[in-house]
Amino acid sequence: IETYLKTGESRILGARRDVLARRRDRSTIPIALAVTEVTVSGRRLFIATVRDLTEEKRIEHMLAAQYAVARILAECTTIEHATPAILRAICTNLGWQLGVFWQVDETHDLLRCIEVWCHAPECYAEFIAATKEHTFARAQGLPGRVWQSGQPCWIPDVVKDVNFPRGRVAAKENLHAAFAFPIQLRGTVYGVMEFFSFHIQEPDQALLQHMQAVGTQIGQLIERLNAQKAIEVLARFPEENPHAVLRIARDGQVLYRNKPGTALLSAIERDPHCASEWQKAVEQAFRTGGMTHQDLRTLDRIFAVTLTVIEGTDYLNVYAQDVTDQRQTEAALRHREEQLRQSQKLEAIGTLAGGIAHDFNNILTALIGFTELAIAKTPASAPILIHLQEIMKANYRAKELIQQILTFSHRHEGGKKPLHPQPVIEEALKLLRASFPSTITIHKDLQPTGPVLADPTQIHQVVMNLATNAEHAMRGRTGTLSVTLADVSIDAETATLTPGLAPGRYAQLVIADTGCGIQPEHLPRIFDPFFTTKGVGEGTGMGLAVTHGIVTDHGGVITVKSVVGEGTTFTVYFPYTPDTPQDSSTRPHVLPRGEGLVFFIDDEPAIVAAGTAMLEELGYRVRAFTSSREAVDAFRQAPDDVTLVITDQTMPECTGEQLAQELLAIRPSLPIILCTGFSHTIDEEKALKMGIRVFLQKPFLFHELAQAVQHALGTPAF
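In this note's numbering, the protein residues as written are 1268 to 1985.
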């Protein structure tokens, strides 16, 4: 401000300045400072904005350390040259005082100190001497712990750590916080890097993650250097090497080959495309010089090939290693990552769908309630009765549609019970036979299986959706729909091949067709809502999305394999559940009536009106509220007069869950029914645990409300 007032240069204002600010406790923090000028009522005012840069600087320092190490690794030729530079880079960028590199002595199964670096060696002479003289067994001290676990470790204060043998010397030379991370080669700890600060510091997980990445980089360097040494050894002892070693002249003549090299050349010659790629690689290597790396694919194998042009000569050396298994593993990992992204996308869309279903549930609850009341009060001979019944049919269809949306969003919890899926699938196939054209043969092999915890309607829907898709794929041609059900046991090794599948016993449902198949580019999207390759009016694109939602909601997994022109196979795994007796109770023919005062709370006036009318029809007195706060205030005035509270979950002033907690705090034995069509925060299990008597799904029918009231009050019908 003083400079601006003196010079009048406008560029001084508004520019960010990174400075150190002093707190009241005299400590300093980095901040970003910017000053602007405004005029208010003729007065010149200056406004300063200050932003704490502590976290930003911390991240900058971590990244700077990681980048510095990356530069060192890119430039170094030996690990011996890289080690002191790495220790210095980490200490300097992170503000730590001392770093140590420990290497595993495989002969004696010990960690030995290889390198120490610090800002001021004279200040830590005794600690450095003790470190260089010390060795560590597995799990001993900080380095031994990291060696044992293979994971980074942090000690806030080594002086207070009982498993830190150098603690006395560290205290003497004012060293406190320490962390260490492993350097691994193919899953084995090669060494440990350890760092110390004169501050006491709590663990920084982000820093440990960055240092874990640094350890991986160093391990990759060591691995690369080892590979280079191996090439040098191969140059001296090529015949002993299990991998292909070749020497090729600039004119293409093979000057030398070992036995694996001969086999590689034979494989290249058998594959014209591979031979062409091989020729291009050799020519490119001669043009660029130095060392080049690439993968070479033969008919059945993948080789990681290193081509090295020897300076001053007219030939190059080739080292080729079979990496088929490694590349297949990497491809499988990429596939699993893609499936994970697909699952996360479906989950996000499902959350949106569930929110929409909540609004429809509120509308439908009022429609169903008023329609049922009207039907109950309409004489059987009244002409309007048939119209009311048609409205009720439409309500049922709307309810089923909402349940499909909730199924897709993983929010539908009703109707699950232990069942054997074979009869449900049989019933679905009976319906399909009537609708399938005569050109399609249905072949079934349904073996008895154990019980699964499932909603039979939804299992039925899975079969119908998958079979309908199969029929469409075979439309206009003869084909076969194969449906099999079998008991399978999945072991740990098999489970790793299918994302989301855990070891255990499953009912395996396989639905296969001999149709046109699915294009490879469409496979990642087939479970997306509204994705379809069918023409306008032939499909909505919701069938497979809903199927995926049902299977996932039942704790199962669905996979798909398809070959264009040959057909598609969907495999569904439903996990077994202990076989328990099923509920044999039947719906009562007479609505259970009662008496007493019921508080009915919902922020939707139409639902309040419908609920009030239904409860009064059952014989209860009702006080209705659209404000949860007003309901609590009214309850406080006479808590013992209230027989039952029925409340919605999602309300603006407070949720039904919060309302129930307040009321139960006043009167712990109060019967409460919690109604919801969709909620992120509470489910039936949580509601029952907190003392709510009944968890009622919207939209509810008249008899469902009556039964819920009867259950909450624990009274028989009269």
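Using N, Cα and C, we set each Cβ at its ideal position, and we do this for glycine too.
**Asked** Below 7 Å between beta carbons: does that hold for F1969 and E1639?
**Response** yes
**Limits of the unbroken beta strand (DSSP E) element including N1584** = 1582–1589
**Prompt:** Thinking just about the alpha-carbon of each residue, which of L1963, R1903, Q1904 is nearest to the one in I1913?
**Reply:** L1963
**Request:** Excluding the 5 residues preceding and the 5 following R1283 in the sequence, name in chain order all residues of the same chain whose CB lies nearer than 8 Å to its CB.
**Result:** A1299, L1300, A1301
**Prompt:** Just the Cα atoms here: how many angstroms apart are E1924 and M1957?
**Reply:** 9 Å
**Request:** Below 8 Å on the Cβ atoms is my guess for L1475 versus P1419; work out the distance and round it to an integer in Å.
**Result:** 4 Å
**Asked** According to the neighbour-count rule (16 or more other Cβ atoms, all chains shown, within 10 Å of its Cβ), is S1895 buried or exposed?
**Response** buried
**Prompt:** When the Cα atoms are used, what is the spatial distance from I1577 to A1587?
**Reply:** 17 Å
**Request:** From the DSSP output, read off the bridge partner residues of I1778.
**Result:** V1750, F1837
**Asked** Going by DSSP, what residues sit across from I1939 in a beta bridge?
**Response** V1912
**Prompt:** Which whole-angstrom value describes the C-beta separation of T1917 and T1879, a residue pair presumed to lie in contact below a C-beta threshold of 8 Å?
**Reply:** Contact flag wrong, Cβ pair sits at about 19 Å.
**Message:** Since S1749 and A1779 should fall inside the 8 Å C-beta cutoff, what is the C-beta to C-beta distance between them, to a whole number of angstroms?
**Reply:** 5 Å
**Asked** Tell me which same chain residues have a C-beta within less than 8 Å of the C-beta of H1328, skipping the five on either side of it?
**Response** N1360, L1361, G1362
**Whole-number beta carbon distance between T1781 and G1743, since they are thought to touch under 8 Å** = Actually they are not in contact, since the Cβ atoms of G1743 and T1781 sit about 13 Å apart, beyond 8 Å.
**Nonlocal neighbours in the same chain, by C-beta distance under 6 Å from R1318, ignoring five residues either side** = A1299
**Asked** Does DSSP classify F1463 as helix, strand or coil?
**Response** strand
**Asked** Taking three-plus beta-carbon pairs below 8 Å as touching, is the stretch 1439–1448 in contact with the stretch 1460–1478?
**Response** yes
**Alpha carbon of A1387 to alpha carbon of V1436, nearest angstrom** = 16 Å
**Asked** How is the alpha helix (DSSP H) around G1528 delimited, first residue to last?
**Response** 1526–1537
**Message:** Which residue wins for smallest C-alpha separation from Y1843, given the options L1937, A1721, N1662, E1440?
**Reply:** A1721
**Prompt:** Does DSSP put F1962 in a helix, in a strand, or in coil?
**Reply:** strand
**Item:** For P1646 and G1771, the rounded distance between their alpha carbons
**Value:** 57 Å
**Prompt:** Going by beta carbon distance, what residues of the same chain come within less than 6 Å of Q1730, once the five residues before and after it are set aside?
**Reply:** This sequence places Val at residue 1730; Gln is not what is there. So the qualifying residues of the chain are I1692, A1695.
**Asked** What residue range is occupied by the uninterrupted alpha helix (DSSP H) comprising F1969?
**Response** 1969–1980
**Request:** State the Cα-Cα distance for the pair V1572 and E1499, rounded to the nearest angstrom.
**Result:** 15 Å
**Asked** Going along the chain, which residues of its own chain have a beta-carbon closer than 8 Å to the beta-carbon of I1707, five neighbours each way excluded?
**Response** E1738, M1741, T1745, G1746, T1747, L1748
**Request:** Report back the beta-carbon spacing between G1784 and V1830 to the nearest angstrom; my notes put them in contact at under 8 Å.
**Result:** 5 Å
**Prompt:** Between which two residues does the beta strand (DSSP E) harbouring P1297 extend?
**Reply:** 1295–1307
**Request:** Tell me, to the nearest whole angstrom, how far the beta carbon of E1236 is from that of L1354; I am working on the premise that it is less than 8 Å.
**Result:** Nothing in the structure corresponds to residue 1236, since the chain is present only between 1268 and 1985.
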